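Undergrad: Numbering (our numbering), first residue to last: -8 to 453. Yeah, the Cβ is synthetic: ideal placement off N, Cα and C, and Gly gets one too. Small disclaimer: the values here were computed from a predicted structure and weren't measured. Can you keep this structure in mind? I'll have questions shortly.
Below is the structure:
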């Protein structure tokens, strides 16, 4: 079942319907659904679809030749083109006869096996394709390669793309489409554990409960996600053991470069390089307090929800899972889920805030949103605001997110107002997010203030 991605699909379709040349660069981390999106877009169109493989240039030429021949002539014994230049010329001839979509999936593999492919495509674009009614999609999972070697100014293809799509994980709203029958609170946990990655969500089942889904996927030696982070590290990076130590340090709450390096047992200078590579893969993010462009207060966090869940719960329990004690492990994990859900719920609330911002349902249209942290000069202690949204006039929305079973009381609102005094704003507005409900005292104060909005998780998904 194909769900979500309506914005991307409609944008790709609009470009297809207008005459002329299009070159779409589509990229994103593995398992995020790039190929599914392309196939959904291409299902009613004449398409040449080739997937690059980690093989030699000759083997990729043979496979590409097969894809071109089958698209033009149907299945059968395909001749192998003499070289990539002849193959690209054949693609051009076919596209002149009938509007065609050329898809090169896993483009980095092809480009690494034959380094001249980008220059060859660039020459064909300049000589022929840009004057044709022709649609090209270059797709890749290596985000650093796509950003530097395809979109970067040093690439032969620089300036030739007509659009780019960085495909992000599903929002909670798209995940809701995927699981229409699932309990909403369990959906939030599963969404967080899967990191919103469509392929990981596809391992779950809304006909069973939270425990069964997590047991099947994470706490069973045969579960798809039991070894997934380790497999991805081995596939993408050298020295997976070192990267494993770095990720474990961040998952355990080490957020400063020096802390991560010390815990992982490596030099600070080397650790910086490892973190840079993990950020290029979208696994780690460097976060700065909102409103600050560069700051010594920047921290490193796990950006990938599945990695966050795995490194939070699996490393110390792997032997138990391998020896059939997944039930015992789940009981321990279940007690720690509310803490794990803190960051997940902040992400869900941020998604809701941006959605309402697009709809114009907030007091003003904000331009950026993120976390803020700093020193409270009055109380001489560190303080943090879960989400803060700002516009150019310095209007601000201050948000607090609490994944709690009990009703959220007025003390949470009072504390948020107190923390907001640390920042100067033209206008101040407040939003409290909670898992279930608010106390009557909190509701009364919100009504009296008139610049406070109370939002429950269920209301977000209504």
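For residue 237, which option in 227, 257, 422 and 222 has the closest C-alpha, if you only look at C-alpha atoms?
TA: Closest option to residue 237, judged by alpha-carbon separation, among 227, 257, 422 and 222: 257.
Undergrad: Kindly indicate which residue of 108, 296, 43 and 156 has the alpha-carbon position closest to the one of residue 14.
TA: 156
Undergrad: Which residues does DSSP pair with residue 365 in a beta bridge?
TA: 374
Undergrad: My understanding is that residue 27 touches residue -7, with C-beta atoms under 8 angstroms, so please give their C-beta distance in whole angstroms.
TA: 6 angstroms
Undergrad: Kindly confirm or deny that the segment 191 to 204 and the segment 301 to 312 touch, where touching means at least three C-beta pairs closer than 8 angstroms.
TA: No: the two stretches stay apart, fewer than three of their Cβ pairs being nearer than 8 angstroms.
Undergrad: Should residue 381 and residue 357 be called a contact, given that it needs their Cβ atoms to be closer than 7 angstroms?
TA: yes
Undergrad: So, are the CB atoms of residue 275 and residue 379 less than 7 angstroms apart?
TA: no
Undergrad: Out of 404, 158 and 16, point me to the one whose CA is closest to residue 137's CA.
TA: 16
Undergrad: With a threshold of 8 angstroms, are at least 3 pairs of Cβ atoms found where one atom belongs to the segment 333 to 341 and the other to the segment 164 to 184?
TA: A contact exists between the segment 333 to 341 and the segment 164 to 184.
Undergrad: Give me, in chain order, the residues of the same chain whose beta-carbon lies closer than 8 angstroms to that of residue 303; leave out the 5 immediate sequence neighbours on both sides.
TA: Residues 242, 327 and 331 of the same chain have their beta carbon placed closer than 8 angstroms to that of residue 303, with the five preceding and five following residues left out of the count.
Undergrad: With distances taken from CA atoms, which of 126, 21, 259 and 85 is nearest residue 158?
TA: 21
Undergrad: Can you tell me whether residue 81 is helix, strand or coil according to DSSP?
TA: Note: residue 81 maps to helix in three-state DSSP.
Undergrad: From the DSSP output, read off the bridge partner residues of residue 126.
TA: 13 and 92
Undergrad: Output the distance between the C-alpha atoms of residue 53 and residue 91, rounded to the nearest integer angstrom.
TA: 21 angstroms
Undergrad: Could you tell me the alpha carbon to alpha carbon distance between residue -3 and residue 349, rounded to whole angstroms?
TA: Roughly 15 angstroms between the two C-alpha positions.
Undergrad: Taking 8 angstroms as the limit between beta carbons, can you name the residues of its chain near residue 317, skipping five residues before and five after?
TA: 206, 210, 211 and 311
Undergrad: Determine, for residue 116, whether the minimum Cβ-Cβ distance to residues of chain C falls below 7 angstroms.
TA: The structure shown contains no chain C; it is built from a single protein chain.
Undergrad: Could you give the first and the last residue of the continuous beta strand (DSSP E) run that contains residue 422?
TA: 419 to 425
Undergrad: Does DSSP put residue 18 in a helix, a strand or coil?
TA: Annotated three-state conformation of residue 18 is strand, per DSSP.
Undergrad: Could you have a look at residue 297 and say whether DSSP puts it in helix, strand or coil?
TA: helix
Undergrad: Determine whether the beta carbon atoms of residue 367 and residue 413 lie at a separation below 7 angstroms.
TA: yes
Undergrad: Compute the distance between the beta-carbons of residue 445 and residue 175, then report whether it is under 7 angstroms.
TA: no
Undergrad: Measuring CA to CA, which of 222, 395, 213 and 42 is closest to residue 315?
TA: Measuring from the Cα of residue 315, the nearest candidate turns out to be 213.
Undergrad: For the 8 angstroms Cβ check, are there 3 or more pairs between the segment 138 to 147 and the segment 38 to 51?
TA: Taking one beta carbon from each stretch, the segment 138 to 147 and the segment 38 to 51 have fewer than 3 pairs nearer than 8 angstroms; the two do not touch.
Undergrad: Could you work out which residue in 405, 19, 200 and 12 is closest to residue 188 when comparing CA atoms only?
TA: 19
Undergrad: Which value, in whole angstroms, describes the spacing of the CA atoms of residue 369 and residue 399?
TA: 26 angstroms
Undergrad: With the cut-off set at 7 angstroms, would you say residue 63 and residue 115 are in Cβ contact?
TA: no
Undergrad: Thinking C-beta only, is residue 232 closer than 7 angstroms to residue 255?
TA: no
Undergrad: Taking the Cβ atom as the reference point for each residue, do residue 57 and residue 69 lie within a distance shorter than 7 angstroms?
TA: yes
Undergrad: Among 25, 259, 435 and 201, which residue has its Cα nearest to the Cα of residue 96?
TA: 25
Undergrad: Applying the 10 Å Cβ sphere with the 16-neighbour rule, what's the burial state of residue 385?
TA: exposed
Undergrad: Hey, how far is the Cα of residue 29 from the Cα of residue 131?
TA: CA-to-CA, the gap between residue 29 and residue 131 works out to about 12 angstroms.
Undergrad: Please give the ranges of any beta strand (DSSP E) in the segment 267 to 293, keeping only runs that are unbroken, at least 3 residues long and fully inside the region.
TA: 275 to 278 and 290 to 293
Undergrad: Does the beta-carbon distance from residue 94 to residue 128 come in below 7 angstroms?
TA: yes
Undergrad: Taking the alpha helix (DSSP H) that residue 110 falls in, what are its first and last residues?
TA: 108 to 118
Undergrad: Thinking C-alpha only, which one of 55, 269 and 449 is nearest residue 295?
TA: 269
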